[in-house]
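Letter 126 of the sequence shown, counting from 1, is numbered 176 in the numbering used here, and no numbers are missing.
Each residue gets a CB set at the ideal place from its N, CA and C atoms; glycine is no exception.
Report on the structure given below.
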Amino acid sequence: MILRKNETGSIPVHELIQRRWSPRDFSPLGVEREKLSALFQAAQSTPSSFNEQPWAYIVAAKENPTDFERILNALAPRNQEWAQHAPVLIVSLAKQNFEVDGRTNHHALYDLGAASAHLTFQATALGLHVHQMGGFSREKIKEEFSVPQGFEPIAVLAVGYFDETKSQPTAIRKRKPLKDFVFESHWGVSSPSVIIEKQKKFNLN
Ligand SMILES: Cc1cc2nc3c(=O)[nH]c(=O)nc-3n(C[C@H](O)[C@H](O)[C@H](O)COP(=O)(O)O)c2cc1C
51 MILRKNETGS IPVHELIQRR WSPRDFSPLG VEREKLSALF QAAQSTPSSF
101 NEQPWAYIVA AKENPTDFER ILNALAPRNQ EWAQHAPVLI VSLAKQNFEV
151 DGRTNHHALY DLGAASAHLT FQATALGLHV HQMGGFSREK IKEEFSVPQG
201 FEPIAVLAVG YFDETKSQPT AIRKRKPLKD FVFESHWGVS SPSVIIEKQK
251 KFNLN
């Protein structure tokens, strides 16, 4: 299913969701300290299983070139090509066991993903963009930053302002239609309660 970047489907969703996308062209403009702090306060507010908050982040702004390079060098070459222009790189990490009794936390990745989504939408609200990456060496990050056992680096996030002079956010979104992932009564049966055909005008209020 093809959607334009400013669309989500038959019903308009919140404009923050419509506006979010992952650019590769970042402006060299730095991210204000208060905005950077707001991103992590958004992550902090995320719900998590047993309120474990099994997330951690390692931040490197370009003003600190040594740390920035340490994260950049861990990226896959194809990601380094564009991510080197982002003003901030962030590693997200998941804590795999519960603090209280060491049991495996089967929701750690789920919760980290939710925290990073909170961070991302806060960034969108502040006019910033986030481009997440799975293409990096977890081992390099562990070694470079002496990551303790039990924490797993999961993604690297490039954060900054989109450089509109280099490209336009006109690319299309490719997304699975709702009928392929929202089921009812039986696995694989598209949910009639949820799926609405394309409408010309629809007001959620
Ligand atoms: C966990 C995760 C890993 C990703 N890894 C990469 C990556 O290594 N390189 C890259 O260019 N984009 C990467 N992406 C970006 C996705 O390709 C992108 O989000 C997807 O194509 C949808 O585009 P949109 O974010 O602009 O809507 C990743 C996204 C996520 C959430």
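DSSP, reduced to helix, strand and coil, places TYR107 within a strand of the structure shown. Residue pairing by DSSP puts VAL141 in a beta bridge opposite ILE108 and VAL206. Per DSSP, HIS236 is one residue of the beta strand (DSSP E) stretching across 236-240. For SER95, the CB contacts under 7 Å within the same chain, skipping 5 residues up- and downstream, are HIS168 in chain order. Taken through DSSP and simplified to helix, strand or coil, THR154 comes out as strand. Placement of the Cβ of GLY80 at a distance of 7 Å or more from every heavy atom of ligand 1 is found.
Here the alpha carbons of HIS236 and PHE76 stand approximately 44 Å from one another.
Of the candidates SER98, GLU84, VAL197 and GLU193, the residue whose Cα lies closest to the Cα of HIS156 is SER98.
With a cutoff of 8 Å on beta-carbon distance, LEU162 and TRP71 are scored as not near each other. Counting only residues of its own chain and dropping the five nearest sequence neighbours on each side, LEU125 has a CB closer than 7 Å to the CB of ALA133, MET183, GLY185, PHE186 and VAL206.
Beta-bridge partners assigned by DSSP to GLN182: LEU207. The beta carbon of ALA164 sits closer than 6 Å to the beta carbons of THR96 from its chain, once the five residues preceding and following it are set aside; these are given in chain order. Taking LEU176 as the centre and dropping the five residues before and after it, the same chain places the C-beta of LYS85 and ALA88 closer than 7 Å to its C-beta, in chain order. Nearest C-alpha to ALA136 among PRO198, PHE171 and GLY80: GLY80. The closest CA to that of LEU159, considering only GLU193, PHE100, ILE204 and VAL63, is found on ILE204. One thing to note: ASN123 has its Cβ within 8 Å of the Cβ of LYS190. Judged by the Cβ position, GLN182 qualifies as a neighbour of ligand 1 at the 7 Å threshold, a heavy atom of the ligand being closer than this. Using a Cβ distance threshold of 8 Å, ALA111 and GLN172 do not count as a contacting pair.
Only residues of its own chain outside the window of five on either side were considered, and among them LYS55, TRP71, PRO73 and PHE212 have a CB closer than 8 Å to the CB of PRO219, listed in chain order. Rounded to the nearest whole angstrom, the C-alpha separation of PRO227 and HIS64 is 18 Å.
Relative to ligand 1, the beta carbon of ALA167 is positioned no closer than 7 Å to any heavy atom.
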